[in-house]
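Here is the structure we will look at.
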Amino acid sequence: MVDGPISPSVTAEPIASAATEDAFRDALDRLSRKVDEGNFERMRWARDEAPKLVRLVELVKGAVADRADIEINEEGGEGNTKRFVIKVHGQRIAALALALDKGRAIASIGTIERSEFAVAPGKPIHTKYANVDEAWMADTLGQLMERIGG
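With this note's numbering, the residue at position 44 of the sequence shown is 416, and numbering never jumps.
In structure tokens form, the structure reads like this:
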């Protein structure tokens with residue numbers, strides 16, 4: 373015999389809604405943050421943001437995968453940013469940076485040491501991360517590379 377009332381979840385059909393799962397995850401996040409905000413933020417970043425940054429790197433590399441004359445090599449990064457060097461015919465041409473900030477993907481380009489090519493000034497290109505796909509990355513890289521001069 374069961375002590376106490378039966379939970380409605382036992383008597384009803386199992387319903388796993390996204391809203392219920394999100395509410396539960398949010399409750400667990402609030403608890404984790406209360407206990408140790410620093411550890412929570414590191415774990416949240418690894419869970420939520422790191423996979424997005426990995427996807428941005430994959431998209432960058434995939435954008436030029438079929439080009440033997442152009443390389444985009446990862447040169448490091450920190451936190452929410454990845455840095456790359458754009459090489460054309462083996463020559464270091466420009467610096468590329470990709471970042472995540474407040475749910476947005478941000479791409480920028482700049483000059484690099486030992487490059488004969490200047491990069492025209494311009495604002496970073498950004499969009500909501502949900503809009504990031506192969507087409508966005510190709511368009512963004514195309515716009516940024518147009519800034520590279522002679």
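All residues carry an ideal CB built from backbone N, CA and C; glycine is no exception.
Secondary structure of T483, DSSP reduced to three states: Reading the sequence shown from its first residue, position 111 is the one you call residue 483. Note: T483 maps to coil in three-state DSSP.
Cα-Cα separation, A471 to L516: Residue numbering aside, residue 471 sits at position 99 when the sequence shown is read from its first letter. Residue numbering aside, residue 516 sits at position 144 when the sequence shown is read from its first letter. Answer to the nearest angstrom: the Cα atoms are 15 Å apart.
L410 - containing alpha helix (DSSP H), residue span: Residue mapping note: residue 410 aligns to position 38 of the sequence shown, counting from 1. Leu is not the amino acid found at residue 410; the sequence shown has Gly there. Unbroken alpha helix (DSSP H) run through G410: 409-416.
Beta bridge counterpart(s) of K459 as assigned by DSSP: Against the sequence shown, residue 459 aligns to sequence position 87. E443, R464.
Top-ranked residue by Cα proximity to K500, from D438, L428, S389, D398: Position 128 of the sequence shown, counting from 1, holds the residue named residue 500. When only C-alpha atoms are compared, the closest one is L428.
Close Cβ partners of R405 (< 7 Å) along its chain, the five nearest in sequence each way excluded: Residue 405 sits at position 33 when you count from the first residue of the sequence shown. Excluding residues within five positions, the ones whose Cβ falls inside 7 Å are F412.
DSSP three-state assignment for A490, whether helix, strand or coil: Counting from 1 along the sequence shown, the entry for residue 490 is found at position 118. In this structure, A490 counts as coil in the three-state DSSP scheme.
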